[in-house]
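Chemist: In the order they appear, the protein sequences are chains A and B.
With this note's numbering, you'll find the first sequence wraps up at 1798, consecutive numbering, no jumps.
With this note's numbering, you'll find the second sequence wraps up at 1798, consecutive numbering, no jumps.
C-beta atoms are modelled at their ideal positions from N, C-alpha and C, and glycine is treated no differently.
Quick one: the structure is below, and I'll ask about it shortly.
There are 2 protein chains.
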Amino acid sequence: MNIILLSGGSGKRLWPLSNDVRSKQFIRMLKGDSGYESMLQRVYGQIKKEDKDGNIVIATSKTQVSAIHNHLGDDVAICTEPERRNTYPAIALATYYIKEKKNLKEDDVVIVCPVDPYVESDYFQRLKALDRTAIEGKYNITLMGVEPTEASEKFGYIIPVDNKEVSKVASFKEKPSKEKAEEYIKQGGLWNCGVFAFKVGYLLNKLPYVSFDDIYNNYDNLKKTSFDYEVVEKEENIGLVRFRGTWKDIGTWNALTDVMAENTIGNVTLDEKTENTHVINELNMPLLCMGLKDIVVAASTDGILVSTKEESQYIKEYAEKIATSAMFAEKSWGSFTIIDAGKECLTIKIKLLPNHSLKYHSHERRDEVWTVLSGEGEVLLDGTRFKVSRGDTIKIPKKAKHTIKALEALEVIEVQIGKDIIIADKIIWKE
Amino acid sequence: MNIILLSGGSGKRLWPLSNDVRSKQFIRMLKGDSGYESMLQRVYGQIKKEDKDGNIVIATSKTQVSAIHNHLGDDVAICTEPERRNTYPAIALATYYIKEKKNLKEDDVVIVCPVDPYVESDYFQRLKALDRTAIEGKYNITLMGVEPTEASEKFGYIIPVDNKEVSKVASFKEKPSKEKAEEYIKQGGLWNCGVFAFKVGYLLNKLPYVSFDDIYNNYDNLKKTSFDYEVVEKEENIGLVRFRGTWKDIGTWNALTDVMAENTIGNVTLDEKTENTHVINELNMPLLCMGLKDIVVAASTDGILVSTKEESQYIKEYAEKIATSAMFAEKSWGSFTIIDAGKECLTIKIKLLPNHSLKYHSHERRDEVWTVLSGEGEVLLDGTRFKVSRGDTIKIPKKAKHTIKALEALEVIEVQIGKDIIIADKIIWKE
């Protein structure tokens, strides 16, 4: 299969674990074979397992590239939008990308999937059926529809012409009221899970670009519109493959706690009276719950949420108001955590993965001091290269170019002192 | 009045805000004239207001001396036990101390008060009545009794012979069951709030020591027993002064939240559905509560508590199990917070008050690096004195003697690297 995984979103619905730089697909809280894994790691691993020679391209925005490498390693194909527009431009760009990168022909089929559903292996078996149907070519676009388990108001519905395994689509319905949802289900409606397949040529023939570079360089000309609106709704000949297994949208606390293998993650103590309560504690301190019922507690360096499961679905407006800049971020080279923030000063703990390094850079308005906590590394400071290890201190005055490379896993405390400590005060240089 | 304020306890009932080094009387969460104040600050200030020329001595153990100076300043009389024994030795020691320090005579009256009741000015008016009764000398010991507002099981009861404003005590009763408590109240019983007065000579005549130094140097000979057991229960002639105003023992979360002026302290957001919920957030991050009812949330660098108010009374056994070493402590010179703890390394933020300094000291097994975040100071490093300010970095190898004095309020990040990072690895030197 040729799969474009859409990795978007920057939602606050799972605040404080999700934020502007950590979308929900990067939260490591699903039980995997070797510890906790993220939705991205889970889905990517599941595809690789079901179709080890398949082609996967992750379509995303610049802000997520580092985190994707952190989660999946360096050997992963990523198609990065030059700017955020909407799903139509993103899918078009990724289709050019996968065609050139994986040498696809006009007749080859591409499947587009969101990165964040909670599914089991039967889902990927159905993806293969979707792929076969698209290859047969009876329909211009083929969608996957999920058989509803309840009259949910959270999803769009697809109404097929009959109830066969593969059918033609009669119509699409927006997210409905409860009553409407029940009506759609009586008509044989299925949930639209955002999975669809088409032949490369089908989409590219709608577009004027001759190559990936061409569309990339003209990306700002593409309409800011959704693929649904621009392509699907205008297409008459759409097929549907039905799926009746596990499919969960775990975009809310209530849904996410539903798929947690255990009630707690991290340093958490629940007393005997606590019932149906889920706690995720990413902080380096104990968290004690007593007498709670139907509560979710989530603590990270960004903040602390304590909510009834019922109310947690309304988190978005609150999280948007209170959320500060992210205190923790995963990067391609490792991660950083802000451990203290003061007036014109900031203290950060940096963890570098072995053989990874920061970019060679300088700051105009702040001095920095590195103290190596553990590991061995190599510093490049204004052209001079030297080894550092545990206990070493490096002073980096403003305007000095600097980087550090981890020869083995490296931990550094960085104290920043200066005016306007902002991410934008950073000039990248060639080593 | 001559008042001995007993500042003891190291309870975990208010975990995570109270811990081994921060007893409940040091938690700053009562609304004062200029921001939040601690129970200690509140009671000390109340006494000073009601009796500005009175003598106050705080009887405490070594571990609290720094915190007391931090809360009340340097100009406060503290009687420090050489070791922790019980209330009988502590009160005996403090009586010698206040007699010598304040030039009291045998006939002068001393009042002993716990440091942590939540009271208003009428309480101190009654202390004056207690003082007058003790001066009159009709009784050998005079206690204050609080008129019960409910048949509480949490307090001992005092049964007086009649219901006059001042009476003779007939008997004492241990903390009773609900039924017993109701019976005592019918008999005219009052709560024993631990306040009592006696003449200096009354107590000192029971003891063989000739001076404060004498009792201090022989402190380990004193019986580890309570004042109640050793003195009060053996005394026949005890008087009682009754008090019918506000008196609250705020030693549990439920009681403490009862006297909070507002429902939240710190960076806290409550949604509209949250009811009768109190939140104290000492962390430097937002805390969001949604849909909660009758809940207490407390977050500090030591940990996070989320509990129903009902269950919070059973916190002690849990807190004792999970509590780690204190992450935050107030000292006479300022305060420190552990902001990161790793394997054989620790990062600390130190705040020094103006004109205060650390003791001149060295470590055998760890190196340290200071980076000054703000303020101006003077470092003494192995005999060499030099000025430091914002942005300066000082490397302190193991065995190097060092101190820093704040010329103005000073903030320093200290990175400790070494084996066995423990408080005991500290040698104090003369400057």
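#1: From the DSSP output, read off the bridge partner residues of aspartate 1328 of chain B.
#2: Tyrosine 1685 of chain A lies in the alpha helix (DSSP H); which residues open and close that run?
#3: Rounded to the nearest angstrom, how far is the Cβ of glutamate 1597 of chain A from that of lysine 1590 of chain A, given a contact under 8 Å?
#4: Starting from the C-beta of glycine 1556 of chain B, find all residues in its chain whose C-beta is less than 6 Å away, skip the five residues before and the five after it, and write them out in chain order.
#5: For a contact defined as C-beta to C-beta under 9 Å, what are the partners of threonine 1636 of chain B on chain A?
#6: Give every residue of the same chain whose Cβ lies closer than 8 Å to the Cβ of glycine 1399 of chain A, excluding the five residues on either side of it in the sequence, and list them in chain order.
#7: Are the stretch 1706–1713 of chain A and the stretch 1768–1788 of chain A touching, with three or more C-beta to C-beta distances below 8 Å?
#8: Does methionine 1657 of chain A come within less than 8 Å of chain B when only Cβ atoms are used?
#9: Return the CA-CA distance between aspartate 1581 of chain B and proline 1575 of chain B, expressed in angstroms with no decimal places.
#10: So, are the CB atoms of threonine 1631 of chain B and leucine 1659 of chain A less than 8 Å apart?
#11: Quick check: the Cα distance between aspartate 1759 of chain B and glutamine 1392 of chain B, rounded to an integer number of angstroms?
#12: Does any residue of chain A bring its CB to less than 8 Å from the CB of alanine 1501 of chain B?
#13: Using a Cβ cut-off of 8 Å, pull out every chain A residue sitting near cysteine 1480 of chain B, in sequence order please.
#14: Given a limit of 8 Å on CB to CB distance, which residues of the stretch 1663–1686 of chain B reach chain A?
#15: Given that a residue counts as buried once 16 or more other Cβ atoms are within 10 Å of its Cβ, and exposed if not, what is glutamine 1492 of chain B?
#16: For aspartate 1625 of chain A, does the count of other Cβ atoms within 10 angstroms reach 16, so buried, or fall short, so exposed?
#17: Look at the alpha carbon of arginine 1732 of chain A and the alpha carbon of leucine 1384 of chain A, and state the distance between them as a whole number of angstroms.
#18: Could you please tell me which residues of the stretch 1769–1784 of chain B, in chain order, have their CB closer than 9 Å to any CB of chain A?
#19: State buried or exposed for aspartate 1498 of chain A, treating a residue as buried only when at least 16 other CB atoms are found within 10 Å of its CB.
#20: By a C-beta neighbour count over all protein chains shown, 10 Å radius and 16 as the cutoff for buried, is aspartate 1669 of chain B buried or exposed?
#21: Expressed to the nearest angstrom, what Euclidean distance is found between the alpha-carbon atoms of glutamate 1678 of chain A and methionine 1657 of chain B?
#22: Look up cysteine 1446 of chain B in the DSSP assignment and give the residues it is bridged to.
#23: If distances are taken between C-alpha atoms only, which option among B/Glu1550, B/Ser1544, B/Phe1563 and B/Lys1542 comes closest to valine 1536 of chain B?
#24: Please specify which runs of the alpha helix (DSSP H), each continuous and at least 4 residues long, are wholly inside the stretch 1590–1647 of chain A, giving them in chain order.
#25: Give the single residue among A/Ile1763, A/Pro1764, A/Leu1774 and A/Lys1765 whose Cα lies nearest to the Cα of serine 1756 of chain A.
#26: For valine 1477 of chain B, does the three-state DSSP call read helix, strand or coil?
#27: In terms of DSSP beta bridges, what is leucine 1672 of chain B paired with?
#28: In angstroms with no decimal places, state the Cα-to-Cα distance between phenylalanine 1594 of chain B and serine 1428 of chain B.
#29: With a cut-off of 8 Å, does the C-beta of arginine 1757 of chain A fall near any C-beta of chain B?
#30: Give me the chain A residues within the contact set of proline 1653 of chain B, using Cβ-Cβ distance strictly less than 7 Å, ordered along the chain.
#31: Assess contact between the stretch 1635–1650 of chain A and the stretch 1374–1383 of chain B, defined as three or more Cβ pairs (one per stretch) separated by less than 8 Å. Is contact present?
#32: Should lysine 1710 of chain B be flagged as near chain A, meaning a C-beta pair shorter than 8 Å?
#33: 8 Å is my cut-off, CB to CB: does serine 1741 of chain A come that close to chain B?
#34: Count the other C-beta atoms from every protein chain shown that fall within 10 angstroms of the C-beta of lysine 1416 of chain B, then say buried if there are 16 or more, exposed otherwise.
#35: If you reduce the DSSP assignment to three classes, tell me which class methionine 1511 of chain A lands in.
#36: Leaving out five residues before and five after glycine 1512 of chain B in sequence, what residues of the same chain have Cβ atoms less than 6 Å from its Cβ?
Modeler: So, from the listed chains and residues:
#1: Nothing can be reported for residue 1328 of chain B, as the shown portion of chain B is limited to 1368 through 1798.
#2: Segment 1682–1689, the alpha helix (DSSP H) holding tyrosine 1685 of chain A.
#3: About 7 Å separates the Cβ atoms of glutamate 1597 of chain A and lysine 1590 of chain A, confirming a contact at the 8 Å cut-off.
#4: Answer for glycine 1556 of chain B: Tyr1524 and Ile1526, listed in chain order.
#5: Around threonine 1636 of chain B, the beta-carbon contacts reaching into chain A at under 9 Å are Tyr1685, Lys1688 and Ile1689.
#6: For glycine 1399 of chain A, where only same-chain residues beyond five positions count, the Cβ hits under 8 Å are Gln1408, Arg1409 and Gly1412.
#7: Contact between the stretch 1706–1713 of chain A and the stretch 1768–1788 of chain A is established, with three or more Cβ pairs separated by less than 8 Å.
#8: Chain B, which has a Cβ nearer than 8 Å to the Cβ of methionine 1657 of chain A, makes this yes.
#9: One C-alpha to the other measures close to 9 Å.
#10: Against a cut-off of 8 Å, the Cβ pair of leucine 1659 of chain A and threonine 1631 of chain B comes out as no contact.
#11: Cα to Cα, aspartate 1759 of chain B sits roughly 37 Å from glutamine 1392 of chain B.
#12: It does not: the Cβ of alanine 1501 of chain B has no partner Cβ on chain A nearer than 8 Å.
#13: Going along chain A, no residue has its Cβ under 8 Å from cysteine 1480 of chain B, so there is no contact; the nearest lies around 32 Å.
#14: Residues passing the 8 Å Cβ filter: Val1664, Ala1666, Thr1668, Asp1669, Gly1670, Ile1671, Leu1672, Val1673, Ser1674, Thr1675, Glu1677, Glu1678, Ser1679, Tyr1681, Ile1682, Tyr1685 and Ala1686.
#15: An exposed status is given to glutamine 1492 of chain B, since fewer than 16 other beta-carbon atoms sit within 10 Å of its beta-carbon.
#16: By the 10 Å Cβ count, aspartate 1625 of chain A comes out exposed.
#17: Whole-angstrom Cα-Cα distance: 31 Å.
#18: Of all residues in the stretch 1769–1784 of chain B, Glu1778, Ile1780, Val1782 and Ile1784 have a Cβ within less than 9 Å of some Cβ in chain A.
#19: With a 10 Å radius around the Cβ and a threshold of 16 neighbouring Cβ atoms, aspartate 1498 of chain A comes out buried.
#20: So aspartate 1669 of chain B ends up on the buried side.
#21: Between the alpha carbons of glutamate 1678 of chain A and methionine 1657 of chain B lies a distance of about 6 Å.
#22: For cysteine 1446 of chain B, the pairing in a beta bridge is given by DSSP as B/Ala1426.
#23: Closest by alpha carbon: B/Phe1563.
#24: Within the stretch 1590–1647 of chain A, the runs of alpha helix (DSSP H) that reach at least 4 residues and sit entirely inside it are, in chain order, 1594–1597 and 1620–1625.
#25: Nearest C-alpha to serine 1756 of chain A: A/Leu1774.
#26: Valine 1477 of chain B falls in the strand class under three-state DSSP.
#27: In the DSSP output, where bridge partners are listed per residue, leucine 1672 of chain B has A/Leu1655 and B/Ala1665.
#28: So the two alpha carbons sit approximately 17 Å from each other.
#29: Taking a beta-carbon distance threshold of 8 Å, arginine 1757 of chain A counts as an interface residue toward chain B.
#30: Near proline 1653 of chain B (Cβ distances below 7 Å), the residues of chain A are Gly1670, Ile1689 and Thr1691.
#31: No, the stretch 1635–1650 of chain A does not touch the stretch 1374–1383 of chain B.
#32: Chain A contact via Cβ: present.
#33: It does; some Cβ of chain B falls within 8 Å.
#34: Exposed is the call here.
#35: Three-state result, methionine 1511 of chain A: strand.
#36: Taken in chain order, the residues that qualify are Ile1525, Leu1557, Leu1607 and Arg1609.
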